[in-house]
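*Asks:* These protein sequence lines map, in sequence, to chains F and A.
Heads up, the first sequence is in the numbering used here, so the first residue is 1 and it goes up one at a time.
Heads up, the second sequence is in the numbering used here, so the first residue is 1001 and it goes up one at a time.
Using N, Cα and C, we set each Cβ at its ideal position, and we do this for glycine too.
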Amino acid sequence: MIVADRKPIEEIIEQVKDLRSVLVLGCNECVTVCEAGGKKEVGVLASALRMYFLQQGREVNVGERTLERQCDTEYLEEIRDSIDHYEAVVSLACGVGIQFTAERYPSKAVFPGVNTCFMGAALERGVWAERCQGCGSCILATTGAVCPVARCAKRLFNGPCGGSTAGKCEISKDVDCAWQLIVDRLKALGRLEDFETLCPIKDWSTDRAGGPRKVIREDLRS
Amino acid sequence: MRLNYPSSVRIIRVPCTGKVDVLHILRCFERGADGVYVVGCREGDCHYQSGNFRAKKRVEQAQQLLDRIGIGGQRVRMCNLSSSDAPLFVRFAEEMHAAVLAAGPNPIRAARAAQKKATASSGMGLHP
């Protein structure tokens, strides 16, 4: 999932402090699962904003709505009739949802209510870790399904660097050495010979180095 | 035991304090409550293992949020007791009552009243 974290309330207040109406817009997908921008977080933020404005002696209409997704036009259309009641939107979706909401409603100011962090997995309740950087050309088949792009600090492709100690990366004792994980996994799979195969130079044009990316599926286009 | 505790306390029963969310606490303040205290089982005695620890964390979250928006985090507390410990229940109620008196009324109530007054007076101006 896309992992996001809550923004400090002070930062959100700073964005919306001069408004007379604002819609807090949540998303039912990734940000709900990582408890940063779902229906509950929308309720908490809207309640906090209402109390803040009341204390300031200001009558501000703070609305709440949570869409199935903010990254699909059909769900964003659901607020077409009600969005004119608000001056601006605080979106608790990931950066994609925030931008897409702004694209669909060009006359509305859209502010971020979360910090979008990475594509990751839940290690345990309240702990998420990065697992994929969306490089656009997956090599997990040769690395025992452990990604050196996302998990090696240096993005090395042919074994660990000299900073790997006792299975940990030199950047932090809390970070596993991706190549230690790869070797352990290949060993468990009985495929250690894969480690001997030199990985060719990766084509980074499918990564962000090639600029903003698009996936076009002609078989699906109407 | 027939013990007395402050009549200002309104009890809302929940199956376990683990059910209490930050949102429930905030809604109380939005509706004008002067203080909220969550009374759970003693730490380590939760029938659901960790319900009271979850409640404790949520109370802390609510405290931080209320501090940041100017309501005051001291208006929220987590208390732990055994369900048969009535004297301690009374003590917590009295302590919370005193803490709320010290903190003063919830500023939201005054703000709402001022807003209502302003709306009424502007309405009167329009329709004398």
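Give me the residue from Glu130(F), Trp128(F), Cys147(F), Ala129(F) with the minimum Cα distance to Ser137(F).
*Replies:* Cys147(F)
*Asks:* Please report how far the alpha carbon of Val31(F) lies from the alpha carbon of Arg125(F), in whole angstroms.
*Replies:* 14 Å
*Asks:* Mind the definition here: the stretch 195 to 204 of chain F touches the stretch 1006 to 1015 of chain A only if three or more C-beta pairs lie below 8 Å; say whether that holds.
*Replies:* no
*Asks:* Closest Cβ-Cβ distance between Lys40(F) and chain A: below 9 Å?
*Replies:* yes
*Asks:* Short of 6 Å in beta carbon distance, which residues of its chain neighbour Leu49(F), apart from the five on each side in sequence? Order them along the chain.
*Replies:* Val62
*Asks:* With the cut-off set at 9 Å, would you say Gly43(F) and Glu64(F) are in Cβ contact?
*Replies:* yes
*Asks:* Between which two residues does the beta strand (DSSP E) harbouring Leu67(F) extend?
*Replies:* Start and end: 61 to 67.
*Asks:* I'd like to know whether the C-beta of Val1100(A) is nearer than 9 Å to at least one C-beta of chain F.
*Replies:* no
*Asks:* For Val44(F), report the span of its alpha helix (DSSP H) as first-last.
*Replies:* 39 to 55
*Asks:* At a Cβ threshold of 9 Å, is Ile98(F) touching chain A?
*Replies:* no
*Asks:* Taking one C-beta from the stretch 76 to 85 of chain F and one from the stretch 1050 to 1070 of chain A each time, how about it: are there three or more such pairs within less than 8 Å?
*Replies:* Fewer than three beta-carbon pairs drawn from the stretch 76 to 85 of chain F and the stretch 1050 to 1070 of chain A are found closer than 8 Å, and the two stretches are therefore not classed as touching.
*Asks:* Let me make sure I understand the geometry here. Which of Gly1035(A), Glu1094(A), Leu1066(A), Glu1030(A) has the alpha-carbon closest to that of Gln1006(A)?
*Replies:* A quick correction: the sequence has Pro, not Gln, at residue 1006(A). Among Gly1035(A), Glu1094(A), Leu1066(A), Glu1030(A), the Cα nearest to that of Pro1006(A) is on Glu1094(A).
*Asks:* Tell me the start and end of each unbroken beta strand (DSSP E) in the stretch 1026 to 1050 of chain A that is at least 3 residues and wholly inside, in chain order.
*Replies:* Along the stretch 1026 to 1050 of chain A, the beta strand (DSSP E) occurs as fully enclosed runs of 3 or more residues at 1036 to 1040, listed in sequence order.
*Asks:* Residues of chain F with CB closer than 9 Å to the CB of Asp1034(A), please, in chain order.
*Replies:* Neighbours of Asp1034(A) on chain F: none; closest Cβ ~13 Å, over 9 Å.
*Asks:* Can you give me, in chain order, the residues of the stretch 39 to 59 of chain F that have a beta carbon less than 7 Å from any beta carbon in chain A?
*Replies:* Lys40, Gly43, Val44, Ser47, Ala48, Arg50, Met51, Tyr52, Leu54, Gln55, Gly57, Glu59
*Asks:* Going along chain F in order, which residues have a C-beta closer than 7 Å to the C-beta of Val1022(A)?
*Replies:* Val44
*Asks:* Under 7 Å between beta-carbons, which chain A residues line up against Ile9(F)? List them in chain order, please.
*Replies:* Leu1065, Arg1068, Ile1069
*Asks:* Give a yes or no on whether the minimum CB-CB distance between Ala1093(A) and chain F is below 9 Å.
*Replies:* Residue-level contact check: Ala1093(A) does not touch chain F, since none of the beta carbons of chain F fall below 9 Å from its beta carbon.
*Asks:* Anything in chain F within Cβ reach of Ala1120(A), meaning under 7 Å, just list it in chain order.
*Replies:* Simply none; closest approach about 13 Å.
*Asks:* Pick out the complete beta strand (DSSP E) segments inside the stretch 1049 to 1099 of chain A, 3 residues or longer, and give them in chain order.
*Replies:* 1076 to 1080
*Asks:* Where does Pro112(F) fall in DSSP's three states?
*Replies:* strand
*Asks:* If you measure between the beta carbons of Val1036(A) and Arg1091(A), is that distance less than 9 Å?
*Replies:* no
*Asks:* Taking only three categories from DSSP, how would you classify Leu189(F)?
*Replies:* helix
*Asks:* Which residues of the stretch 1028 to 1058 of chain A have a Cβ closer than 8 Å to any Cβ of chain F? Give them in chain order.
*Replies:* Phe1029, Glu1030
*Asks:* How would you list, in chain order, the residues of chain F whose beta-carbon sits under 7 Å from the beta-carbon of Gly1107(A)?
*Replies:* Residue identity check: residue 1107(A) is Pro in the sequence provided, not Gly. The answer, in chain order, is Gln55.
*Asks:* From the DSSP output, in three-state form, read off Thr142(F) for me.
*Replies:* Collapsing the DSSP output to three states places Thr142(F) in coil.
*Asks:* Counting only the same chain and skipping the five closest in sequence on each side, list residues whose C-beta sits under 7 Å from that of Gly1104(A).
*Replies:* none
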